[in-house]
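Its first residue numbered 22, the sequence shown is counted upward by one per residue in the numbering used here.
Note that CB positions come from ideal geometry on N, CA and C, so glycine has one too.
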Amino acid sequence: MKKSPSIPLIPIADYDYNLPSDSIAEQPLAERDLSKLLVWRNGQIEHDQYLHLAKYLPTHSHLVFNNTRVIAARLKFMKKTGGSIEIFLLEPANGLYAALHDQHQTEWKCMVGGMKKWKPEETLELEYDDAGKKDSIKASLKERKEDHAIILFTWENALPFHELLTLAGKIPLPPYIKRMATEQDATRYQTVYAQHEGSVAAPTAGLHFTDRIFRDLAAHAIDHSFVTLHVGAGTFKPVTSTTIAEHQMHEEFFDVELSLIQSLCNTQKIIIAVGTTSTRTLESLYWIGLQLMGKKEDETLTQVHLGQWDHLALTKESMPDSVTVFAFLSSFMERKKMNSIKGHTGICITPGYRFRVISGLITNFHQPQSTLLLLIGAIMGDDWKRTYEIALKENYRFLSYGDGSLLFVEKGSVA
């Protein structure tokens, strides 16, 4: 039996490039679907707009979107002395997003700007306006961790926490957008199909899609479905280690319905992921299915988990195809009467990874030396650098509010 591959010692410096500040999109285009689209297939490049996406998709393509909704995760609290402290929500302290419906109190993992100014015994307050009526939320510091804090939020009215955030918080734009969030961002930093609240960053590949595109996809008999993965602030976490092996990957919560698992058993479908978050979810489902195939059935299973390098330990010389794994997972869920499968994934997809589920990816252009750029390298090989250079030369707009690409996985990168 072949040994499991070792953790890749890929130098992060190999995934650097010069990104001029004026190539970073500070604002969204007036019309989402008029963003530029770079199409890459086996080293060949074409240029178009998202509006014409359907004509580049193969017959039997099935698009998978992430329908998460960004919450107003940026909160500005005041000290009694008059100073301010910004609190940035990361995820519920217990990892369960039902916390967004908590009333009167809730605990969250948070990043805190100016943590040293916050005395442990001091309660902070944020006043907000609700249809002309003043109200407030209080924040108490429960525990300091190395890279976050556990904070208890309390309030007196009966509003659920997610409604309080809409009234009191701000949409958290990425750190490379050097401006304050506006009312426009509350709409434009959401996909048109956003449904389940929980993300603190948008699944930006989906920002280009409109009802007009969905009608065109339907006219070309191109179907689609949705997963939910709540994007964490870790998506912007810079890789500061020398190699990816030393980097601690962020983990994110996902929730996928049984109906999608069942649809993935269709051998004719060509799966195109819309966004790196959809990619990570779909590929994680394969490995989670493989994990469950090797275990005795657990009657108490409520959530699953895939660590950063767990897929390497599961890799063998002979691997079942995705249809086999998803058929098992579908049957497993039916026996357990599970309408959806929930859990956390920290999968790190790097060059050398063999894709088990997707045949293509629709995605924006990513930051230098980021884990997302390594995922692009897993699809394109070394040609990512030439492609990015061409995109810069052709004045493509980069990062979250920028243009995007349709990338087809090289044959050697598919299992």
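From the options, pick the residue whose C-alpha is nearest to that of residue i; which is it?
| i | options | result |
| --- | --- | --- |
| ALA34 | PRO193, LEU311, VAL260 | VAL260 |
| ILE292 | ILE379, GLN211, THR323 | ILE379 |
| GLU218 | LEU173, TRP139, LEU117 | LEU117 |
| GLY364 | VAL60, ILE397, ILE198, ASP276 | ASP276 |
| GLU107 | LYS101, LEU147, ALA119, LEU40 | LEU147 |
| ILE265 | GLY381, ILE370, ALA114, LEU110 | ILE370 |
| MET201 | HIS251, GLU47, GLU142 | GLU47 |
| THR297 | THR249, LEU335, THR323, LEU322 | THR249 |
| SER246 | SER82, GLU52, SER42, LYS76 | SER82 |
| ILE368 | LEU395, HIS387, THR345 | LEU395 |
| LEU110 | MET99, GLN124, GLY103, ARG95 | ARG95 |
| PRO193 | VAL91, TRP61, LEU382 | VAL91 |
| ASN115 | TYR77, LEU173, ILE282 | LEU173 |
| VAL252 | TYR210, GLN126, ARG236 | TYR210 |
| ALA75 | VAL213, MET99, ALA189, THR231 | THR231 |
How is residue i classed by DSSP in three states: helix, strand or coil?
| i | result |
| --- | --- |
| LEU20 | The requested residue 20 is not part of the displayed model; the chain covers only 22 to 436. |
| TRP129 | strand |
| TRP61 | strand |
| ARG375 | coil |
| LYS290 | coil |
| VAL252 | coil |
| MET22 | In this prediction, MET22 scores a pLDDT of 36, lower than 50, which makes its location untrustworthy; no coordinate-derived value is stated. |
| ASP168 | coil |
| GLU431 | coil |
| LEU327 | strand |
| ILE400 | helix |
| GLU218 | strand |
| ASP342 | coil |
| LYS154 | strand |
| LEU393 | helix |
| ILE192 | coil |
| GLY135 | coil |
| THR89 | strand |
| ILE243 | coil |
| ILE411 | helix |
| ILE14 | This structure leaves residue 14 out entirely; the chain is present only between 22 and 436. |
State the start and end residues of the unbroken alpha helix (DSSP H) segment that holds residue i.
| i | result |
| --- | --- |
| TYR307 | 297 to 314 |
| LYS199 | Careful: LYS199 lies outside any alpha helix (DSSP H) and carries neither H nor E. |
| HIS183 | 182 to 189 |
Rounded to the nearest angstrom, how far is the Cβ of residue i from that of residue j, given a contact under 8 Å?
| i | j | result |
| --- | --- | --- |
| SER421 | ALA152 | Not really, about 32 Å apart at Cβ, beyond 8 Å. |
| ALA294 | THR300 | 4 Å |
| GLU355 | ASN63 | GLU355 to ASN63, Cβ: 39 Å. No contact. |
| PRO372 | TYR38 | Their Cβ separation, rounded to whole angstroms, is 15 Å, which puts PRO372 and TYR38 out of contact at 8 Å. |
| GLU128 | LYS163 | 7 Å |
| PHE347 | GLY310 | 6 Å |
| THR384 | LEU428 | 7 Å |
Determine, for residue i, whether the minimum Cβ-Cβ distance to residues of chain B falls below 8 Å.
| i | result |
| --- | --- |
| PRO79 | Checking the listed chains, one finds no chain B in this structure; it contains a single protein chain. |
On the DSSP bridge assignment, give the partners of residue i in chain order.
| i | result |
| --- | --- |
| GLY68 | In the sequence on display, residue 68 carries His and not Gly. Bridge partners of HIS68: LEU59. |
| PRO79 | DSSP lists no partner for PRO79. |
| LYS159 | GLU146, THR175 |
| ARG356 | ARG356 pairs with nothing; no bridge assigned. |
| ASP276 | THR249, LYS363 |
| ASN385 | GLY425 |
| GLN124 | PRO181 |
| ASP37 | None, per the DSSP bridge assignment. |
For the beta strand (DSSP E) that residue i lies in, which residues bound it at each end?
| i | result |
| --- | --- |
| MET99 | 95 to 99 |
| LEU110 | 105 to 113 |
| THR336 | Unbroken run through THR336: none, as it is neither H nor E. |
| GLU52 | Unbroken run through GLU52: none, as it is neither H nor E. |
| ARG209 | Taken as a continuous stretch (DSSP letters only), ARG209 belongs to no beta strand (DSSP E), being part of the alpha helix (DSSP H) at 204 to 209. |
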